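Position in the sequence shown counted from 1, then plus 1, gives you the working numbering.
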Amino acid sequence: MSDKLIECSKICVDCVNNDPVDIRCSGPHYLGFDFFVRAEQTTEMQKFIVMTLNSLKVPLINIYVSGKELLSEKNIWTKERIVQAIKDDAESLQSEAERNYGSYFKI
């Protein structure tokens, strides 16, 4: 018996500019997160992510939806999982921001 698939939005969160050397070696331009959330919760979750980043003093360059996918329940991000992921990476992202590879702003 297979899991029921749920339509999800992919929320991309660009927090800090990546090290130029890493970018030249095919790394991403920005460090941050990708969260798959229920499509009907997209706007609410974007606001929640921004609030969480601000409360943990994690920089934010951009937040956007990059598409939709059908996923099983176990692959969908909850608010609790999102908070934990941001907490886990907060110190590292703050440290990278201090390297000043480029500017960032808060929403």
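By construction, the Cβ of each residue, glycine as well, lies at the ideal position given by its N, Cα and C atoms. Fair warning: this is a prediction, and the values are worked out from it, not measured in the lab.
Assuming F49 contacts C9 (C-beta within less than 8 angstroms), just tell me the rounded distance between them.
Position 48 of the sequence shown, counting from 1, holds the residue named residue 49. Position 8 of the sequence shown, counting from 1, holds the residue named residue 9. With 8 angstroms as the limit, F49 and C9 do not qualify as a contact, their Cβ atoms being about 15 angstroms apart.
Excluding the five sequence neighbours on either side, which residues of its own chain have a C-beta within less than 7 angstroms of the C-beta of E41, listed in chain order?
Translated into the one-based positions of the sequence shown, residue 41 becomes position 40. None.
Buried or exposed: where does C120 fall if 16 or more other Cβ atoms within 10 Å of its Cβ makes it buried?
Outside the modelled stretch of the chain, which goes from 2 to 108, sits residue 120, for which no answer is possible.
Ignore the nearest five residues each way along the sequence and tell me which others in E97's own chain have a CB closer than 7 angstroms to its CB.
Position 96 of the sequence shown, counting from 1, holds the residue named residue 97. If we look at E97 and ignore the five residues flanking it on each side, its Cβ neighbours are V17, L32.
Which residue marks the beginning of the alpha helix (DSSP H) containing N55, and which one marks its end?
Mapped onto the sequence shown, residue 55 falls at position 54. Residues 43-56.
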